[in-house]
Structures are given as C-alpha cells and as structure tokens.
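Asks:
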Amino acid sequence: MKVICVKNGKGGDGKTVFSLNLAALLAKEGKVLLIDTDPRCHSSNFMIKNESVPVTGTFEKGNLGEWITGKKTADQVIRHSMFENLDFVACSDDLDDYVKELEKKRIISMAGRNLKECIDKIADRYDYIVIDCSQNVTTIDVNVLVASDFALIPVKCGLSSMDGCFEMLDWIEQVQTLNPGLDYKIVMNDREKNKEAEEIESKARELWDEKVCKTTIRHQSKPLTKSLRTGIPVVYEHRTPSEIKRTTIADDFINLVKELKQYGC
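In my numbering, the protein residues as written are 1016 to 1280.
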C-alpha cells in the first residue's frame, strides 16, 4: 500500500481537484481510500454531493476527528462512494477541536503518529491512500507527512504558489527526521497558456530540476466547472467523439499517474 498526500503551503493551487482526480484514476487500478484532512471539507462535499448527509460537525457515519481520537473505528468512518473501488473518510469543520482534545491528553507527541496508527490498521484493505490536505501546517498536517510515503506538491504557475512550495519543502525536510522514507515530487498544476505561466514553470524546473514531474496539468475551466457541478471527477467524464480527438486535463492526469509509477509512487 502507498500513502500519497497532496499539499502546498498556499491556497488556490487546486489541491482538492488534484486529489480527487488522482484518487479516481488510481481507483481504476486498485482499491483507494481518499482522506480529507482539510476542515473546509471541499473533498468531503464533493464525494457526498448526492447524499443528504451534512459534512459540518459530527454526523452519523463519523469523520476524521472521531477516527484519530478513537471515538469511532475505521469501519464507522469509512464511506463507500458511488465510484467503484473508491472509499473516503470525510473531514469536519470542527477537526481542530478533536486535535486539541488529543493535545490536552498529551496523546500527540512530536512524532505525530496518530493518523499513521489508524492507517496501519487498514493497510491490507487498500492499494492506495490519497490524503487531501489543507494549506496550513498544523498538528494534523505533521501527522499526514509522518504517515505518507510520498508527498505531491501541486504548484500553480504563480509567485505565491512558488512561495508555498518553498515552505512545503522546508516542512518535508523537517519531517524526514521522523519519516526518513518520505519522498516528494512537484507538479505544475492548473497551468494557463500565457507567457507569465510559462516563465514561472521554467523557473520552477530550473530550481527543482528532477523533482518536478515532466507532466504538467493544464488549465481547462470547462471540464473543471462541469466536474464541480456534476460531482464527477474529470477523469470519469464521458467524452464525445469530438472531445476524444483532443487532449484534456483528464489525459494530463493519466500521463501523470504513469509517470509517478515510474518513480515508485
């Protein structure tokens, strides 16, 4: 089983869309669990889009906070999506309260292994676990990095996103003392077709060299808008004969997964 987290130190880099489509694509090849660790609950909202279960606070099936505090078991928090081989654990907007509860009990150590311990118990159920992270670096984010085999850093072609990548690389370096096996790759994400974006991508490749994936995820607003409206990842969208003739971001994700497998991800 591989644990892959998707994180950048800045917002607006398309982490949620990236995580959803990565998980959906991997689910075509094996059993996948998507874990939402962002209290904004974007991934959770997407995954239960057609259900009448509220995401905020605690709810009947359970959430991430209840799992890591031991209030509920994996079976009580893991939900089955309408997509084959793709399960998920929803987050809640009160995740910080659960984390504070752990901190008060001094259960969280500097190693931040609560999430890893939860994941280890279900390791035989899944081929991949994909973790959608928030833009912040909190106790739960340290837990995520400690639990992960691979960190993917989506970088939008903008200066603020580059700054977020620098911050993320600093955190990875620190967490590698706790998790020496943690590897990472940078992915140029949601790249628009203009000179500024091209220059920033070129700069990123110059700075980080082989750590930047060869595959770039392009910006295409139409399929993304449709995906958010329908609740279907772009890699699952039906394509008309005319659409099949031209490449889309779905093809970019397909190529990215092929590339990541070459890196042992």
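The beta carbon of each residue, even a glycine, is placed where N, CA and C say it ideally should be.
Taking E1188 as the reference, give the member of F1165, G1080 and L1049 with the closest Cα.
Replies: Taking the sequence shown and counting its residues from 1, one reaches residue 1188 at position 173. Residue F1165 is the option with its Cα nearest to E1188.
Asks: Report yes if the CB atom of N1023 is closer than 8 Å to the CB atom of K1030, and no otherwise.
Replies: Against the sequence shown, residue 1023 aligns to sequence position 8. Against the sequence shown, residue 1030 aligns to sequence position 15. A contact, by the Cβ cut-off of 8 Å.
Asks: Roughly how many angstroms lie between the CA atoms of H1234 and D1267, to the nearest whole one?
Replies: Walking along the sequence shown from the start, residue 1234 turns up at place 219. Walking along the sequence shown from the start, residue 1267 turns up at place 252. C-alpha separation (whole angstroms): 10 Å.
Asks: Sorted by chain position, which residues of the same chain lie with C-beta nearer than 8 Å to C1133's C-beta, five sequence neighbours on each side aside?
Replies: By one-based count along the sequence shown, residue 1133 stands at place 118. Correct list, in chain order: W1082, I1083 and A1089.
Asks: Cβ atoms of I1201 and W1223: under 8 Å apart, would you say?
Replies: Position 208 of the sequence shown holds residue 1223. Position 186 of the sequence shown holds residue 1201. Result yes, Cβ atoms of W1223 and I1201 sit closer than 8 Å.
Asks: As an exercise, report each continuous alpha helix (DSSP H) stretch of at least 4 residues that is fully enclosed by the region 1114-1163, in chain order.
Replies: The region 1114-1163 contains these whole alpha helix (DSSP H) runs: 1129-1135 and 1154-1162.
Asks: Is L1101 closer than 8 Å to V1047 when the C-beta atoms are compared?
Replies: Numbered from its first residue, the sequence shown carries residue 1047 at position 32. Numbered from its first residue, the sequence shown carries residue 1101 at position 86. Going by C-beta atoms, V1047 is nearer than 8 Å to L1101.
Asks: What number of angstroms, rounded off, separates the C-alpha of L1275 from the C-alpha of Y1251?
Replies: Residue numbering aside, residue 1275 sits at position 260 when the sequence shown is read from its first letter. Residue numbering aside, residue 1251 sits at position 236 when the sequence shown is read from its first letter. Cα to Cα, the separation comes out at about 20 Å.
Asks: I'd like to know whether the C-beta atoms of D1108 and C1056 end up nearer to each other than 8 Å.
Replies: Counting from one through the sequence shown, the residue named residue 1108 turns up at place 93. Counting from one through the sequence shown, the residue named residue 1056 turns up at place 41. Contact: yes.
Asks: For Y1113, is the classification buried or exposed, using 16 other Cβ atoms within 10 angstroms of its Cβ as the cut-off for buried?
Replies: For this step, residue 1113 is matched to residue 98 along the sequence shown. The residue is buried, with at least 16 neighbouring Cβ atoms inside 10 Å.
Asks: Shortest alpha-carbon distance to K1229 belongs to which of A1265, E1207 and Q1277?
Replies: Residue 1229 sits at position 214 when you count from the first residue of the sequence shown. The candidate whose alpha carbon is nearest that of K1229 is Q1277.
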